[in-house]
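Colleague: Residue numbers (our numbering): 1 to 544.
Put into structure tokens, the structure is as follows:
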């Protein structure tokens, strides 16, 4: 069965392709359109579809749209209710719902030759759940979904047995811990439905002294649900205008909201474990991208295994919707990797460099060349293999640096144009991770935080956050041989089995995806070396 999955209604439009139960391709529209998050989550943009990523998925698999057996759309308008009935202030939501109902027509127009009758509506949180429960390595598991909103709810607790879902509970709107965190994001001067991860980073600089007050508005109900009502944020800390300096009160408010979110998550997990008895928990929904909360759940929660979908936000529902429909006829295989996007052959990459007319070299081993540059404190743009599905750079579209120099944190944030409180991540060899970091291992998708061992904090100052933690990525040589070879080569030169890894982009722009993006980023940011496949482009040679 050949199923194209589509997410489009709110934000992070994306497409994914599942063929005979196997995930073949998945990509976010932003990587093609170069619009961060693809679009804003407003009703007037609900008609926009991930046309470019959908066409690429089909092209990658050598399929025509007429070859599809189904198109799975990750929202079911028949399950929706008017916004006012749900207690939401969203006066144009009726327009969004009308666009959703007309999706088969819009898809047929965007993908000429598609039979509108092939379009299947998959409930939003079911799609989230499938992106976790069906994509995870655990065919039997509990599944927990938390996000801003779906048709009528903001949460799903369920149980997968042999990859078949039973829904156990769901929280109806307007109660939503996702919207709670979005509201705070906006109050703190960041872009809602986009910058929630900045609130998580800011929380490490504060104390949860408002947690008791916030718990009056946001708390678990002890029976598998929760209350999350509007908070009078200004009574706790003044609204921060975008771009203005943040204060201790802002950091404390972020820390307090983070604490409340974690408490609700722990209570929901405890109830889910009691009802399922499973050892494994799969997480999805935008809240599952909160790696600090995930780690507390791992440490204090009842589950032995916690698996988080790498594209846990709405982009992942394209994959989940496709998997949900595919499992009706096929045995679904676990997600093999997050590297599900575009890639180019070495000769295609050479062609890009020739057309750009930039001087380049082809060293015997690009891993050794990059390790040498990093050992001399150069910053490297690393473009290798297929791009990642999800918001994390996992060694395919990364900016790399030396972790042993504290100044490299500020240096990278300046290169990317980011806030000074934002951390960067360590990429570490899987067989060395336990020596340096305490937390869930392995951690290939950078979705947990780990305590940095005291003996290593002074040796790795660039990657240690203010609270003594780091959001690590473990590198398995069997899965990422080139990345592992580069990290080992760096360790031979420096004694450090860690390389700084952050996403290859600048502030406000999507992650680099194709070779043109990489060359443009290299040309506009003070990066010393671009490793484009097996080729090296040196800034000193290009800008003499």
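Where is the CB? At the ideal position from N, CA and C, for every residue including glycine.
Less than 7 Å between C-beta atoms, sequence neighbours within five positions excluded: which residues of the same chain meet that for residue 485?
Modeller: By one-based count along the chain shown, residue 485 stands at place 485. Once the five neighbours on either side are set aside, the close Cβ partners of residue 485 are 367.
Colleague: Among all the DSSP beta bridges, which residues are the ones paired with residue 382?
Modeller: In the chain shown, the residue the question calls residue 382 occupies position 382. Its beta-bridge partners are 398 and 531.
Colleague: Excluding the 5 residues flanking residue 300 on each side, which residues of the same chain have their C-beta closer than 8 Å to its C-beta?
Modeller: Walking along the chain shown from the start, residue 300 turns up at place 300. Closer than 8 Å at the Cβ level, and outside the excluded window around residue 300, lie 266.
Colleague: Beta-carbon within less than 8 Å of residue 352's beta-carbon, same chain only, minus the 5 sequence neighbours each way: which residues are those?
Modeller: Reading the chain shown from its first residue, position 352 is the one you call residue 352. So the qualifying residues of the chain are 344, 515, 516, 519 and 532.
Colleague: Let me check understanding here. Comparing Cα to Cα, which of 303, 290, 107 and 137 lies closest to residue 274?
Modeller: What you label residue 274 is simply residue 274 of the chain shown in a count that begins at 1. The residue with the shortest Cα to Cα distance from residue 274 is 303.
Colleague: Across the region 502 to 516 and the region 459 to 472, are there enough close Cβ pairs to call them in contact, namely three or more that are closer than 8 Å?
Modeller: Touching, no.
Colleague: Going by DSSP, what residues sit across from residue 426 in a beta bridge?
Modeller: Position 426 of the chain shown, counted from the start, is the residue given in the question as residue 426. Its beta-bridge partners are 500.
Colleague: Examine the ligand FMN and report whether any of its heavy atoms sits within less than 7 Å of the Cβ of residue 251.
Modeller: Only the bare structure without any ligand can be found here, which leaves the ligand FMN out of the picture.
Colleague: Applying the criterion that 16 or more other CB atoms from any shown protein chain within 10 Å of the CB defines a buried residue, is residue 126 buried or exposed?
Modeller: Here the question's residue 126 lines up with position 126 in the chain shown. When all chains shown are included, residue 126 counts as buried.
Colleague: Among 359, 358, 357 and 384, whose alpha-carbon lies nearest the alpha-carbon of residue 370?
Modeller: The count along the chain shown starts at 1 and reaches residue 370 at position 370. The residue with the shortest Cα to Cα distance from residue 370 is 384.
Colleague: Could you check how far apart the C-beta atoms of residue 494 and residue 404 are, in whole angstroms? I think they sit under 8 Å.
Modeller: Position 494 of the chain shown, counted from the first residue, corresponds to residue 494. Position 404 of the chain shown, counted from the first residue, corresponds to residue 404. Yes, residue 494 and residue 404 are in contact; Cβ-Cβ is about 7 Å, under 8 Å.
Colleague: On the premise that residue 320 lies in contact with residue 465, defined as a C-beta separation below 8 Å, what is that separation, rounded to the nearest angstrom?
Modeller: As a working note, residue 465 is residue 465 in the chain shown. As a working note, residue 320 is residue 320 in the chain shown. Between residue 320 and residue 465 the Cβ distance is about 31 Å, and since that is not below 8 Å, they are no contact.
Colleague: Using 10 angstroms around the beta-carbon of residue 158, count the other beta-carbons present and answer buried if the total reaches 16, otherwise exposed.
Modeller: Start at 1 with the first residue of the chain shown, and residue 158 comes out as number 158. Buried, because 16 or more other Cβ atoms sit within 10 Å of the Cβ of residue 158.
Colleague: Identify which residue in 122, 524 and 459 has its Cα closest to the Cα of residue 406.
Modeller: Looking up residue 406 in the chain shown gives position 406. Selected option, being the one with the closest Cα: 459.
Colleague: Considering residue 131, what are the terminal residues of the alpha helix (DSSP H) in which it resides?
Modeller: The residue you call residue 131 lines up with position 131 of the chain shown. From DSSP, the alpha helix (DSSP H) with residue 131 extends over 124 to 133.
Colleague: Can you tell me which of the three DSSP states residue 121 falls into?
Modeller: Against the chain shown, residue 121 aligns to sequence position 121. Residue 121: strand per DSSP, three-state reduction.
Colleague: So what does residue 160 bridge to, in DSSP terms?
Modeller: Along the chain shown, read from residue 1 onward, the residue named residue 160 stands at position 160. Answer is 141 and 165.
Colleague: Would residue 121 and residue 181 be called neighbours here (beta carbons separated by less than 8 Å)?
Modeller: Translated into positions along the chain shown, residue 121 becomes position 121. Translated into positions along the chain shown, residue 181 becomes position 181. No. Outside cutoff.
Colleague: For residue 290, which three-state DSSP category applies?
Modeller: Stepping through the chain shown from its first residue, residue 290 is reached at position 290. Note: residue 290 maps to coil in three-state DSSP.
Colleague: Once the 5 residues before and after residue 333 are set aside, which same chain residues still bring their CB inside 8 Å of it?
Modeller: In the chain shown, counting from the first residue as 1, residue 333 sits at position 333. Answer for residue 333: 21, 22 and 23, listed in chain order.
Colleague: What's the gap between the Cα of residue 413 and the Cα of residue 419?
Modeller: Indexing the chain shown from 1 puts residue 413 at position 413. Indexing the chain shown from 1 puts residue 419 at position 419. Computed Cα separation, rounded: 7 Å.
Colleague: To which residues of the same chain is residue 276 closer than 6 Å at the C-beta, ignoring the five residues directly before and after it?
Modeller: For the purposes of this step, residue 276 is identified with residue 276 of the chain shown, where counting begins at 1. Excluding sequence neighbours, residue 276 sits near 142 and 159.
Colleague: Tell me where the beta strand (DSSP E) around residue 451 begins and ends.
Modeller: For this step, residue 451 is matched to residue 451 along the chain shown. First-last of the beta strand (DSSP E) with residue 451: 450 to 452.
Colleague: Counting only runs that start and end within the region 76 to 122, where is the alpha helix (DSSP H) found for 4 or more residues in a row?
Modeller: As far as the region 76 to 122 is concerned, its whole alpha helix (DSSP H) runs of at least 4 residues are 93 to 101 and 103 to 110.
Colleague: On the three-state DSSP scale, how would you describe residue 227?
Modeller: Start at 1 with the first residue of the chain shown, and residue 227 comes out as number 227. In this structure, residue 227 counts as strand in the three-state DSSP scheme.
Colleague: Leaving out five residues on either side along the sequence, give the residues of the same chain with a beta carbon under 7 Å from the beta carbon of residue 386.
Modeller: Within the chain shown, numbered from 1, the residue matching residue 386 stands at position 386. If we look at residue 386 and ignore the five residues flanking it on each side, its Cβ neighbours are 339, 340, 341, 342, 343 and 396.
Colleague: Between 172, 261 and 212, which lies nearest to residue 196 when the distance is taken from Cα to Cα?
Modeller: The count along the chain shown starts at 1 and reaches residue 196 at position 196. When only C-alpha atoms are compared, the closest one is 261.
Colleague: Hey, would you say residue 487 sits closer than 8 Å to residue 475, going by beta carbons?
Modeller: Along the chain shown, one-based indexing puts residue 487 at 487. Along the chain shown, one-based indexing puts residue 475 at 475. Yes; because the gap between Cβ atoms is below 8 Å, this pair is in contact.
Colleague: Would you be able to state if there are at least three C-beta pairs under 8 Å between the region 205 to 217 and the region 226 to 241?
Modeller: The region 226 to 241, when compared against the region 205 to 217, does touch it at the 8 Å Cβ threshold.
Colleague: Flag this pair as yes or no: are the beta carbons of residue 88 and residue 168 separated by less than 8 Å?
Modeller: Sequence index remark: in the chain shown, residue 88 carries index 88 (1-based). Sequence index remark: in the chain shown, residue 168 carries index 168 (1-based). No, they are not a contact pair.
Colleague: Cutting at 6 Å between CB atoms, please list the residues of its own chain near residue 292, excluding the five before and the five after it.
Modeller: Along the chain shown, read from residue 1 onward, the residue named residue 292 stands at position 292. Cβ within range, chain order: 200 and 449.
Colleague: Is it the case that the region 3 to 20 contacts the region 58 to 78, given that we only count it when at least three CB pairs across the two stretches are under 8 Å?
Modeller: Flag = yes, the region 58 to 78 and the region 3 to 20 touch.
Colleague: Does the structure place the region 244 to 257 close enough to the region 280 to 292 that three or more beta carbon pairs sit under 8 Å?
Modeller: With a cut-off of 8 Å, the region 244 to 257 and the region 280 to 292 do not count as touching, because too few Cβ pairs lie within range.
Colleague: Which one of 124, 298, 97 and 490 has the shortest CA to CA distance from residue 428?
Modeller: Numbered from 1 along the chain shown, position 428 holds the residue referred to as residue 428. Of 124, 298, 97 and 490, the residue nearest in Cα terms is 490.
Colleague: Nearest to residue 513 by alpha carbon, out of 372, 115, 184 and 391?
Modeller: Locating residue 513 in the chain shown gives position 513, counting from the first residue. Nearest of 372, 115, 184 and 391 to residue 513, Cα basis: 391.
Colleague: Comparing alpha-carbon positions, which option in 496, 139, 374 and 226 lies nearest residue 282?
Modeller: Walking along the chain shown from the start, residue 282 turns up at place 282. Here the closest residue by C-alpha is 139.
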